[in-house]
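Notes for the one structure printed next.
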Amino acid sequence: DVKVTQSSRYLVKRTGEKVFLECVQDMDHENMFWYRQDPGLGLRLIYFSYDVKMKEKGDIPEGYSVSREKKERFSLILESASTNQTSMYLCASSFHPRQPQHFGDGTRLSIL
Amino acid sequence: DAKTTQPPSMDCAEGRAANLPCNHSTISGNEYVYWYRQIHSQGPQYIIHGLKNNETNEMASLIITEDRKSSTLILPHATLRDTAVYYCIVSSGAAGNKLTFGGGTRVLVKP
C-alpha cells in the first residue's frame, strides 16, 4: 500500500513564525501535491511538483513556498505565518498525472 | 475540469448495498471519474476511478453511464466503518492533475 506520511498531526505556531510542514511518500511517485482544506471551501491546491526540484503554483500559492530536494520528500513552507493560514494541510502523491492521488492524514495547523 | 453534483447526504443500512449517484453532465472525453472518501479527521482515501468502462475493485464498483454524464459508486455490503463523506471528482489528468473536491455526499451507515 502507498504510504504518505506527514510529519505532524497537530501543530500550533505563532504569527510571524516560519513554519515547515514535511511530507514523505514511499512509493517512488513522481508527483506530489500540497492542499489545504477549510470548511465550506473544500480542498484547494497550493503547490505541486512533478519532479525533483520542480514546482508549480496551484490555486492559492500566496504566502507559501515549497521545496523538493529528494523525490520522496515535499516540504511546504509558510514564510511568515498568519492567522488566516490556520487550516488542515494535506499532502498527496501520485505516480502519473492520471493515476489516483494518495493522501496523508493531514496536519491541523493553528496559528495564534 | 468538469463540475460534479452529488446529493448532500444519504443513509444506508448496515449490510445493504449503498448506491451513491454523481452527475457530471459537462464531462469531456479525456476526463476520468474518481471517487474518494474522507472519514472524520483523516485524509481523503482513494476508492476507485474509471474513464468509460465499469470498474470493480475490493472496495467498490463504479458504474458509468454510456453517455458518461453520470456515474454511481456501489458499496456492496456497507459497514459502520463506511460512514464518511464521499467525493466524486472528474479530472483530465493533465499536468498538475488538480483534484477539485466539491461538497460530497455524507453517508451514514446505520446498524
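From first to last, the protein sequence lines stand for chains A and B.
At position 41 of the first sequence (counting the first as 1) the number is 124 in my numbering, and the numbers step up by one without a gap.
At position 4 of the second sequence (counting the first as 1) the number is 163 in my numbering, and the numbers step up by one without a gap.
For every residue, glycine included, the Cβ atom is placed at its ideal position computed from N, Cα and C.
Q: Mind checking the segment 179-194 of chain A against chain B and listing, in chain order, the residues whose C-beta falls within less than 9 Å of any C-beta there?
A: H179, P180, R181, Q182, P183, Q184, H185, F186, G187, D188, G189, R191
Q: Would you please verify whether the beta carbon of G202/B is less than 8 Å from any beta carbon of chain A?
A: It does; some Cβ of chain A falls within 8 Å.
Q | 6 Å Cβ shell around E155/A - same chain, five flanking residues per side excluded | A | V107, Q108
Q: Using only alpha-carbon positions, find the residue among L124/A, S158/A, G146/A that is nearest to C174/A.
A: S158/A
**Q.** At least 3 beta-carbon pairs within less than 8 Å: the segment 162-173 of chain B vs the segment 201-220 of chain B
**A.** no
Q. Is G125/A close to chain B, meaning its C-beta is less than 8 Å from at least one C-beta of that chain?
A. yes
Q) Given that a residue counts as buried once 16 or more other Cβ atoms are within 10 Å of its Cβ, and exposed if not, what is D241/B? A) It counts as buried.
Q: Can you grab the Cα-Cα spacing for the pair L234/B / S250/B, in whole Å?
A: 22 Å
Q | DSSP state of N189/B mapped onto helix, strand, coil | A | In the structure shown, N189/B sits in coil (DSSP, three-state: anything other than H, G, I, E or B).
Q. Under 8 Å, do Y98/A and T166/A count as touching if we go by C-beta distance?
A. According to the sequence provided, residue 98/A is Thr. The question's Tyr does not apply to it. Yes.
Q) From which residue to which residue does the beta strand (DSSP E) around V244/B run? A) 243-250
Q: For T166/A, name the three-state secondary structure that DSSP assigns.
A: helix
Q) Taking the beta strand (DSSP E) that N212/B falls in, what are its first and last residues? A) First-last for N212/B: undefined, no H or E at that position.
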